[in-house]
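**Student:** I am attaching a structure below and will ask some questions about it afterwards.
And the structure:
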């Protein structure tokens with residue numbers, strides 16, 4: 009209640025002395041101190057119940073030529089916006105129009121710009137404020153100009169990027185942001201060697217939001233920003249995987265008088281551990297947002313060539329290989345450290361990489377590039393069996409990738425390696441009713457591979473006949489399963505030994521049974537009849 013009464017007293021004083029600029033500035037300073045107190049709830053409630061936001065905005069219009077007054081006024085609005093209920097009032101208070109004017113007339117006043125962008129950073133968290141932004145059509149351009157001018161100032165840049173992150177969640181704002189050249193501003197910041205990890209992470213978040221719109225997605229791809237994005241992901245990935253875990257070896261001591269050496273050592277170690285954890289958290293966030301961004305960009309085929317040319321495939325494969333290797337090496341180490349906590353698990357990053365690869369795998373150049381990347385299939389195959397805790401969805405994505413690759417003969421040699429085929433065949437044999445869609449796609453891989461003599465031998469060696477017979481027997485009522493298994497049997501039964509094995513395992517009877525069940529489906533019956541013809545060749 010004390011904070012409430014003091015705030016009310018200040019607002020009353022300001023209303024009585026609204027013509028005294030100097031007194032108002034002092035009152036605003038005191039008001040901001042109350043907002044920063046340990047218990048600001050009374051301040052926020054008083055402002056809300058006594059039209060404090062509207063009052064400060066009205067005073068700011070009167071003294072809009074005074075940057076000193078505006079500095080304090082926008083500091084107050086910044087503080088008001090830290091309260092969720094009060095934050096909703098900013099967009100309808102006229103503060104955005106006032107901010108637009110101040111950004112243009114007082115751009116050289118750094119503290120004022122800091123407070124304005126901090127206010128927007130808070131305001132952008134509310135949907136009503138995002139919509140209100142569009143009522144000032146030139147405001148986004150002014151915000152971008154401010155960010156560009158002060159991109160070396162840490163606080164201004166951080167608040168500016170938070171502002172863009174919040175407003176980019178509203179599609180009309182996101183479109184306007186791109187139209188006003190926002191992507192180029194973000195590109196300039198990413199290309200700056202001094203840009204912090206926090207800024208990089210926030211920019212990736214903004215770009216992810218902008219990619220929701222297809223036109224925006226293409227514009228982003230054509231802007232040249234893919235190169236710095238991939239460069240940052242590459243450098244961050246190397247930093248993450250090559251991080252020195254033995255951070256306690258740093259012997260940094262402050263031999264101050266009356267200080268215990270052991271206490272000082274412990275303090276240094278704690279600080280180093282905190283710094284390491286903070287750095288690791290930022291690295292994880294950059295990689296998560298970064299690969300998510302690449303995956304979103306790849307959802308539009310116009311960007312795929314650029315993504316492949318900028319080494320997104322090798323960066324992704326290297327991350328999977330390094331992170332899974334580190335995961336294996338650290339199983340029995342650092343059990344009590346935060347380093348291996350689930351929050352920073354590489355699995356969620358790997359799953360973003362798989363979305364990227366799935367989107368790119370339709371491109372002809374994807375197969376060539378993937379094959380030329382060292383240990384590419386070694387990285388992907390273990391994820392088929394969810395070896396590192398990857399999800400079923402991740403397995404499904406890998407099968408989709410393999411299915412798209414199987415359309416291209418250049419990928420057949422890699423796909424028919426027993427290290428690839430064995431887990432694929434095993435997966436088919438473990439299929440349940442709920443996973444039929446996944447199984448059909450895995451069977452499609454076998455079908456495409458089964459079209460040459462050399463491949464057929466490798467497929468049979470991996471036990472494909474058992475998996476095909478199992479699928480046909482278990483899911484004979486499913487048209488997709490019957491169609492694809494009949495097609496595989498047709499191809500495999502060209503070889504005499506395979507033909508004998510299929511018949512020995514009741515493949516002929518199963519096909520005849522399937523023919524009866526699907527006799528009204530012309531496409532399936534024709535496929536089954538081709539398979540039956542090949543199997544019965546021995547009798548002719």
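Numbering (our numbering), first residue to last: 9 to 548.
Beta carbons are placed, not taken as given, at the ideal position from N, Cα and C, and that holds for glycine.
Find the nearest neighbour of residue 159 within the set 141, 201 and 476, judged by alpha-carbon distance.
**Tutor:** If we check each option's Cα against that of residue 159, 201 comes out closest.
**Student:** Within the continuous alpha helix (DSSP H) that includes residue 222, where are the two ends?
**Tutor:** 222-230 is the extent of the alpha helix (DSSP H) around residue 222.
**Student:** Give the DSSP-derived three-state secondary structure of residue 483 in the structure shown.
**Tutor:** Residue state, collapsed to three classes: coil.
**Student:** Quick one, which of 486, 102, 516 and 488 has its alpha-carbon nearest residue 498's?
**Tutor:** Of the candidates 486, 102, 516 and 488, the one whose C-alpha sits nearest the C-alpha of residue 498 is 516.
**Student:** Helix, strand or coil: which one does DSSP assign to residue 344?
**Tutor:** Any reading at residue 344 needs caution, since the residue's pLDDT is 46, under 50, leaving its predicted position unreliable; the model's value is listed next. If DSSP states are grouped into helix, strand and coil, residue 344 belongs with coil.
**Student:** Is DSSP giving residue 100 helix, strand or coil here?
**Tutor:** Here residue 100 sits in coil by DSSP.
**Student:** Between the segment 414-421 and the segment 393-403, do three or more beta carbon pairs fall short of 8 Å?
**Tutor:** Touching, no.
**Student:** If you draw a straight line from the alpha carbon of residue 21 to that of residue 79, how long is it in whole angstroms?
**Tutor:** Using only the alpha carbons, I get a separation of about 20 Å.
**Student:** Pull up the CB-CB distance for residue 171 and residue 132, whole angstroms please, since I reckon it's below 8 Å.
**Tutor:** Sure, about 5 Å apart at Cβ, within 8 Å.
**Student:** For the putative contact between residue 137 and residue 182, defined by C-beta atoms under 8 Å, what is the C-beta separation to the nearest angstrom?
**Tutor:** Residue 137 to residue 182, Cβ: 15 Å. No contact.
**Student:** Return the CA-CA distance between residue 378 and residue 197, expressed in angstroms with no decimal places.
**Tutor:** Whole-angstrom Cα-Cα distance: 31 Å.
**Student:** How would you write the range of the alpha helix (DSSP H) that residue 316 sits in, first residue to last?
**Tutor:** First-last of the alpha helix (DSSP H) with residue 316: 312-317.
**Student:** If you draw a straight line from the C-alpha of residue 73 to the C-alpha of residue 105, how long is it?
**Tutor:** If I take the Cα positions, the gap works out to 14 Å.
**Student:** Using three-state DSSP, classify residue 381 as helix, strand or coil.
**Tutor:** Coil, per DSSP.
**Student:** Apply the 10 Å Cβ neighbour rule to residue 349 and answer buried if 16 or more other Cβ atoms are within range, or exposed otherwise.
**Tutor:** Unreliable placement is indicated for residue 349, whose pLDDT of 48 sits below 50; no coordinate value is reported for it.
**Student:** Please state the DSSP three-state secondary structure of residue 420.
**Tutor:** The answer is helix: DSSP assigns residue 420 an H, G or I state.
**Student:** So which of 485, 475 and 441 has the shortest CA-CA distance to residue 453?
**Tutor:** Of the candidates 485, 475 and 441, the one whose C-alpha sits nearest the C-alpha of residue 453 is 475.
**Student:** Give the secondary structure of residue 255 by DSSP, where H, G and I count as helix, E and B as strand, and everything else as coil.
**Tutor:** Legend: pLDDT at residue 255 = 30, less than 50; position of this residue unreliable, value from coordinates given subsequently. It is helical.
**Student:** Give the C-beta separation of residue 479 and residue 447 to the nearest angstrom, bearing in mind that I take them to be a contact with Cβ-Cβ under 8 Å.
**Tutor:** Yes, residue 479 and residue 447 are in contact; Cβ-Cβ is about 6 Å, under 8 Å.
**Student:** Considering only residues of the segment 139-199, which uninterrupted alpha helix (DSSP H) runs meet the minimum length of 4 residues and lie entirely inside it, listed in chain order?
**Tutor:** Runs found: 147-157, 162-175, 179-187 and 190-199.
**Student:** Might you give, ordered along the chain, the residues of its own chain that have their beta carbon closer than 8 Å to the beta carbon of residue 484, omitting 5 neighbours on each side?
**Tutor:** Closer than 8 Å at Cβ, skipping near neighbours: 490, 518, 521, 522 and 525.
**Student:** Are the beta-carbon atoms of residue 306 and residue 312 separated by less than 8 Å?
**Tutor:** Their beta carbons are under 8 Å apart, which means residue 306 touches residue 312 by this criterion.
**Student:** Assuming residue 512 is part of the alpha helix (DSSP H), what are its boundary residues?
**Tutor:** Per DSSP, residue 512 belongs to the alpha helix (DSSP H) from 504-512.
**Student:** Let me confirm a value: residue 507 is counted as buried when at least 16 other C-beta atoms fall within 10 Å, else exposed. Which label applies?
**Tutor:** Classification for residue 507: buried.
**Student:** How should residue 91 be labelled, buried or exposed, when 16 other C-beta atoms within 10 angstroms of its C-beta is the threshold for buried?
**Tutor:** Buried is the call here.
**Student:** Do residue 110 and residue 120 come within 8 Å of each other at the CB atom, strictly closer than that value?
**Tutor:** Taking 8 Å as the Cβ cut-off, residue 120 and residue 110 qualify as a contacting pair.
**Student:** Measuring CB to CB, does residue 1 end up less than 8 Å from residue 357?
**Tutor:** The requested residue 1 does not occur in the structure, where the chain is confined to residues 9 to 548.
**Student:** Please state whether DSSP places residue 293 in a helix, a strand or coil.
**Tutor:** Correct three-state label for residue 293: helix.
**Student:** Can you tell me whether residue 265 is buried or exposed? The criterion is at least 16 other CB atoms within 10 Å of its CB, across all chains shown.
**Tutor:** Low confidence applies to residue 265: its pLDDT is 46, below 50, so where it sits in the model is not reliable, and the reading given next is rough at best. Answer is exposed; the Cβ neighbour count stays below 16.
**Student:** Near residue 293, what residues of its chain come up, given a Cβ to Cβ distance below 7 Å and the 5 sequence neighbours on each side ignored?
**Tutor:** 209.
**Student:** Between residue 322 and residue 381, is the Cβ-Cβ spacing less than 8 Å?
**Tutor:** Yes, the pair counts as a contact, with Cβ atoms nearer than the cut-off.
**Student:** Which of helix, strand or coil does DSSP assign to residue 438?
**Tutor:** Of the three classes helix, strand and coil, the one that applies to residue 438 here is coil, per DSSP.
**Student:** Leaving out the 5 sequence neighbours to the left and right, which residues in its chain are closer than 6 Å to residue 471 when beta-carbon positions are compared?
**Tutor:** Taken in chain order, the residues that qualify are 433.
**Student:** Assuming residue 122 is part of the alpha helix (DSSP H), what are its boundary residues?
**Tutor:** Taken as a continuous stretch (DSSP letters only), the alpha helix (DSSP H) holding residue 122 covers 118-131.
**Student:** Is it buried or exposed, residue 143, if we count other Cβ atoms within 10 angstroms and call 16 or more buried?
**Tutor:** Exposed, by the Cβ-count rule.
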